[in-house]
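For the sequence shown, the positions run 1 to 370 when full-length UniProt numbering is used. We put the CB at the ideal spot given by N, CA and C, even for glycine. Structure record follows, encoded as structure tokens.
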Amino acid sequence: MTGQLAFVESPVQLLNVLEWAHTQAPDRAPGEPPAPALTVVVLSPTDPMSRGQLRRMAQLARDEGLAVHWQEARGGRGALVRTLRRLAPPLRRAERVIIGDPFSRYVQLLLSLFSPRHLTVVDDGTATMEFAAQLGRGERLVRWHRKGNLGPRELVLAPVTSLARRRLAPARGRTVEIFTSLPVEAPAGVEVTENSYAWTRARFGPPLLTGGADLVGTSLVETGVVDADHYARVVAELARAHGATRYFAHRRESAEKLHRIAVETGLQVVRPELPLELIARRGPIGRTVVSFPSTVVHTLPLALAGTGVKVAVIEVAPEWLRATASPRAQGFLSGVAGTAAHEVDRLTARAAGAVGPIGPAGPTGAAGAA
């Protein structure tokens, strides 16, 4: 493992490493190793859905000429020590380190021990927007759906997080790049490079389009942000209003919630084997794709450019939020919806879970939405 080293913990992170590698050499033939060499280390999660998608993404990466190492980083007692011992030498030699989740405790620990000369952060969802904002303001790194108070675990790890945040910022002898499809304001000294999903479009599709619509699920219930009853009601309303037949589940959605959606709405619940951008590009896919505020309202228009698929985002109303949700949740979700691409339609949510008319989503239209 030399040259460039990428750490990924989710399928989307690995997809975006492939997109980044494509921008470095867009004319590189499939299977031709990149120069300099790029090694991907999968810090394997524990949940089966993520592991399955990562296995399939790892094979796609190998087909593209990347070296992929699967590391059971959370495999019981001693896994952390074994992982650090294994990764220390290549980390010291790596000219560039690529990470997908700057909020990851594992990545933060690695960065606190080894300071890369060049650092690239690729998307792992809308958290990239929060990372860029917090880095620009010099704040500690906290996921947007977390409460502000530090728990016992956060207090213990605070020194690690603080050092990692400094290592994630540009400094003398260190460059920082954010490779993203999301609208972020570049912190001072950070280079922002656009991810246009050129690799996805070059390798897959165009897809066969079906009639009606597909719905895209979210883990907002599982993360404690949105009330489960409100979520189920809105999914049912969306399915009726748009003639949807399929519900693409987020990999973190619980089996209990998905069973409820299937029974109450009649939707076919699909657990994708790959990130949705690839599933949609390969097809078949509905002529309309409706999503809650998430990364896909930014990425799908790029991946599906020129196919005729329309993407719509449903705004999250304040009454859907749980009492325990982070105070930042409403503003963050409104920002995700409001900064969607111009061609993305916005569905306005009314009280009691009803869904209002479709209208175009402008770059700032939902910033103060209720």
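Can you tell me which residues form a DSSP beta bridge with residue i?
i	result
Glu191	Glu177
Asp119	Looking at the sequence provided, one finds Leu at residue 119 rather than Asp. DSSP output for Leu119 lists Val97, Val176 as bridge partner(s).
Ser254	Answer is none; Ser254 lacks a bridge partner.
Gly335	According to DSSP, which records beta bridges pairwise, Gly335 is partnered with nothing at all.
Tyr247	Leu215, Val269
Ser162	For Ser162, which the question treats as bridged, DSSP gives no partner whatsoever.
His69	Val41
Phe114	In DSSP, Phe114 forms no bridge with anything.
Thr83	Bridge partners of Thr83: none, in fact.
Ala228	None; Ala228 has no bridge partner.
Ile285	Leu209
Gln4	Leu38, Arg96
Leu321	Val226
Based on Cα-Cα distance, which residue from the options lies nearest to residue i?
i	options	result
Leu119	Val192, Pro183, Leu54	Val192
Arg201	Thr23, Glu9, Glu343	Thr23
Ala329	Pro36, Leu220, Asp27	Leu220
Ile178	Arg246, Leu60, Ala127	Ala127
Glu64	Arg74, Gly3, Ala21	Ala21
Ser326	Glu194, Thr223, Pro293, Val311	Thr223
Pro293	Val225, Pro272, Leu267	Val225
Pro284	Val121, Arg51, Asp214, Val176	Asp214
Asp101	Arg74, Ala241, Ser10	Ser10
Ser104	Gly136, Gly138, Arg240, Ser162	Ser162
Ser112	Glu130, Leu91, Glu95	Leu91
Would you say residue i lies against chain D (beta-carbon separation less than 8 Å)?
i	result
Arg252	Among the chains in the structure shown there is no chain D, since it carries only a single protein chain.
Give the range of the beta strand (DSSP E) segment to which residue i is assigned.
i	result
Phe131	Premise fails: Phe131 lies in the alpha helix (DSSP H), 127-137, not in any beta strand (DSSP E).
Leu43	38-43
Thr218	From DSSP, Thr218 is part of no beta strand (DSSP E); its letter is neither H nor E.
Phe18	The displayed chain sequence assigns Leu, not Phe, to residue 18. Careful: Leu18 lies outside any beta strand (DSSP E), inside the alpha helix (DSSP H) at 11-24.
In terms of residue numbering, what span does the alpha helix (DSSP H) encompassing residue i cover?
i	result
Gly52	48-63
Ala303	296-303
Thr200	198-203
Leu276	276-282
Grab me the residues of residue i's own chain with a C-beta within less than 8 Å of its C-beta, minus the 5 sequence neighbours each way, in chain order.
i	result
Arg174	Ser115, Pro116, Arg117, His118, Leu119, Arg167
Phe204	Leu278, Arg281, Arg282
Gly368	Because Gly368 sits at a pLDDT of 27, beneath the cut-off of 50, its placement in the model cannot be relied upon, and the point is left open.
Ile358	Residue confidence is low: Ile358 scores 41 on pLDDT, short of 50, so the model does not pin down where it sits. Its coordinate-derived value is still stated next. Taken in chain order, the residues that qualify are Ala312, Asp345, Arg346, Leu347.
Within a Cβ cutoff of 7 Å, which residues of the same chain sit near residue i, ignoring the five residues on either side of it in sequence?
i	result
Ala262	Val269
Ala249	Gly217, Leu258, Val269, Val270, Arg271
Ala35	none
Ala61	Leu14, Leu18, Val40, Val68
Glu238	Checking the sequence, you will find Leu at residue 238 rather than Glu. Leu215, Ala244, Val290, Ile314, Val355, listed in sequence order.
Which same chain residues, not among the five before or five after residue i, have their C-beta less than 6 Å away from its C-beta?
i	result
Val41	Phe7, His69, Gln71
Leu15	Pro275
Asp227	Trp320, Arg322
Val336	Thr126, Pro293
Arg74	Thr46
Check your understanding: Does the region 248-264 come close enough to the region 231-238 that 3 or more CB-CB pairs lie under 8 Å?
Key -> yes
Exercise for review: Give a yes or no on contact between the region 289-303 and the region 335-347, applying the rule of three or more CB pairs nearer than 8 Å.
Suggested key: yes
Practice item. Would you be able to state if there are at least three C-beta pairs under 8 Å between the region 207-216 and the region 234-249? Key: yes
Point to revise | Stretch-stretch touch, CB-based, cutoff 8 Å, three pairs: the region 79-86 with the region 46-63 | key: no
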